[in-house]
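*Asks:* Starting off with a structure, shown below.
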Amino acid sequence: MMKDRDLVDALGPIVRDAEERRFEPGFSHRVMERIRAEAGAPVIVLSSALRRQFLRLAPIAAAVLVALSAYSLLGLGTSSGQSVLEAALGLEPLTVETAYALDQGFYTDGDD
Amino acid sequence: MMNDRIPDGELLQRARSGDQAAFRTLVERYEQVVAATVIGMLGSGPEAEDVGQETFIRFYASLNRFREEASLKTYLTRIAINLSLNSIKRRKRFLSRHVEGDLVETIELDSGAGPADRAESREVREVVRHAIDRLAPKQRAVVTLRLIDGYSTRETAEILGLPEGTVLSRLSRALKKLQPQLQPLMEA
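Here's what the structure looks like:
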């Protein structure tokens, strides 16, 4: 049984010399072409375009969010035991009656 | 062509400041190192060419992160090995999805075929390629680095980010698989 070191010595040249390991001529040229192409790739243009659009739309979206929250707060108020957050999100107050009402609605829509 | 005697460090500095001719000189200087690794892993053909190009493109993108603690040769070999392993995974996934089981092995063996050579050397190449392609990808990486690229066990461990003991055990298992297949060539 050959030792690993002997096997490396015996198989190394066979494996190493079995095929020519070089790229087709002009490899460096093709690499540089791809680098130039990828430097001007649309991914970069797209990311900066998306960033511009985000910066344009973000303040408008934030203003709409504030307006809707204010509308909900003014419309529903917090008098019925709701927290300010629930009121701002326009959530209906949850009581035992409303919970049962939802449950009944579920069963009455079923096969019964 | 830029002077071959310019040290890597200086070429790297120039490449970092946008000198494409300097980067091209580095590509020309290390093209053979990368070719030995990717063709050792994948066989010659368009897949190896693509992985070779991708290796240098990744290197270009990480020029500012390369700290020169490792040698450039080791750094590029590490990228080339990782991309080759990814490519083998993709190849296997594609074949398992789109090709009937019995044909998978045949196609894997054929994928490394290059231009026609003399019949004898072609036969040797195919036997060796066949034997390497039958190794698990992790064993193939060790065989490529140790037997083809000529790295030491310590360097191989450093490139693969493994303990030396793991490299030795993978190499040992790989050699045991290769030996019976390459025995006729050892006796020739």
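Quick mapping for you: the protein sequence lines, in order, are chains A and B. Counting in the numbering used here, the first sequence runs from 61 upward without gaps. Counting in the numbering used here, the second sequence runs from 149 upward without gaps. Heads up, the beta-carbon is just placed ideally off N, CA and C, and yes, glycines get one too.
(1) Does the CB of Ile74 (chain A) have a neighbour CB from chain B at under 8 Å?
(2) Quick one: using the 10 Å Cβ neighbour count with 16 as the cut-off for buried, is Ile227 (chain B) buried or exposed?
(3) Given that a residue counts as buried once 16 or more other Cβ atoms are within 10 Å of its Cβ, and exposed if not, what is Ala155 (chain A)?
(4) In the structure shown, what three-state DSSP assignment does Asp85 (chain A) receive?
(5) Inspect the CB distances between the segment 323-334 of chain B and the segment 266-282 of chain B and report whether three or more fall short of 8 Å.
(6) Taking the alpha carbon of Glu80 (chain A) as the point to measure from, which residue in B:Gln201, B:Ile187, B:Glu303 has its own alpha carbon closest?
(7) Quick check on this structure: which residue in B:Asp167, B:Tyr223, B:Ala289, B:Arg288 has the alpha carbon closest to the alpha carbon of Arg206 (chain B)?
(8) Where do the ends of the alpha helix (DSSP H) carrying Gln142 (chain A) lie?
(9) In angstroms with no decimal places, state the Cα-to-Cα distance between Met189 (chain B) and Leu174 (chain B).
(10) Do we get a CB-CB distance below 8 Å when we pair Arg172 (chain B) with the residues of chain A?
(11) So, with DSSP's three-state summary, where would you put Asp265 (chain B)?
(12) Quick check: the Cα distance between Leu149 (chain A) and Leu134 (chain A), rounded to an integer number of angstroms?
(13) Could you check whether Val291 (chain B) and Ile280 (chain B) sit closer than 8 Å to each other, using their CB atoms as the reference points?
(14) Between Ala159 (chain A) and Pro153 (chain A), what straight-line distance do the alpha-carbon atoms span, to the nearest angstrom?
(15) Output the boundary residues of the alpha helix (DSSP H) element that contains Gly72 (chain A).
(16) Assuming Leu295 (chain B) and Arg76 (chain A) make a contact with CB atoms under 8 Å, what is their CB distance in whole Å?
(17) Give me the subset of the segment 76-89 of chain A whose CB atoms are less than 9 Å from a CB atom of chain B, sorted by chain position.
(18) So what does DSSP say about Ser192 (chain B), is it helix, strand or coil?
(19) Is there a Cβ of chain A sitting closer than 8 Å to that of Gln180 (chain B), yes or no?
(20) Contact criterion: CB-CB distance below 8 Å. Does Met189 (chain B) meet it with respect to chain A?
(21) Relative to the C-alpha of Gln168 (chain B), which candidate in A:Ser88, A:Glu84, A:Ile74, A:Arg82 has its C-alpha closest?
(22) Find the residues of chain B that neighbour Ile120 (chain A), judging by a C-beta separation of less than 9 Å, and give them in chain order.
(23) From Ser108 (chain A) to Ala97 (chain A), what does the alpha carbon distance come to, in whole angstroms?
(24) Report yes if the C-beta distance between Ala305 (chain B) and Glu312 (chain B) is below 8 Å; otherwise report no.
(25) Kindly indicate the opening and closing residues of the alpha helix (DSSP H) around Ile154 (chain B).
(26) Tell me whether Arg80 (chain A) sits in a helix, a strand or coil according to DSSP, three-state version.
(27) Could you work out which residue in A:Glu157, A:Ala123, A:Ala70, A:Arg90 is closest to Phe204 (chain B) when comparing CA atoms only?
(28) Helix, strand or coil for Ala228 (chain B) per DSSP?
(29) Residues in its own chain within less than 6 Å of Asp265 (chain B) by CB, not counting five upstream and five downstream?
(30) Return the chain-ordered list of same chain residues with a C-beta closer than 8 Å to the C-beta of Arg164 (chain B), the five sequence neighbours on each side being excluded.
*Replies:* Working from what's here:
(1) yes
(2) buried
(3) In the sequence as presented, Ala is not what sits at residue 155 (chain A); that position holds Thr. Thr155 (chain A) is exposed by the Cβ-count criterion.
(4) Sequence inspection shows Pro at residue 85 (chain A); the Asp mentioned does not correspond to that position. Here Pro85 (chain A) sits in coil by DSSP.
(5) yes
(6) B:Ile187
(7) When each option's Cα is compared against that of Arg206 (chain B), the closest is B:Tyr223.
(8) Careful: Gln142 (chain A) lies outside any alpha helix (DSSP H) and carries neither H nor E.
(9) 22 Å
(10) yes
(11) With a pLDDT of 49 at Asp265 (chain B), under the threshold of 50, the modelled position of this residue cannot be trusted, and the question is left open.
(12) 12 Å
(13) yes
(14) 10 Å
(15) 64-77
(16) 6 Å
(17) Arg76, Asp77, Ala78, Glu79, Glu80, Arg81, Arg82, Phe83, Glu84, Phe87, Ser88, His89
(18) Coil, per DSSP.
(19) yes
(20) no
(21) Comparing alpha carbon positions, the residue from A:Ser88, A:Glu84, A:Ile74, A:Arg82 closest to Gln168 (chain B) is A:Ser88.
(22) When 9 Å is used as the limit between beta carbons, Ile120 (chain A) is near no residue of chain B, the shortest such separation being about 35 Å.
(23) 18 Å
(24) yes
(25) Where Ile154 (chain B) is concerned, there is no enclosing alpha helix (DSSP H), given that its DSSP letter is neither H nor E.
(26) The question names Arg, but residue 80 (chain A) is Glu in the sequence shown. In this structure, Glu80 (chain A) counts as coil in the three-state DSSP scheme.
(27) A:Arg90
(28) helix
(29) Low per-residue confidence applies at Asp265 (chain B): pLDDT is 49, beneath 50, and the placement is therefore not dependable enough to give any value.
(30) Leu211, Asn212
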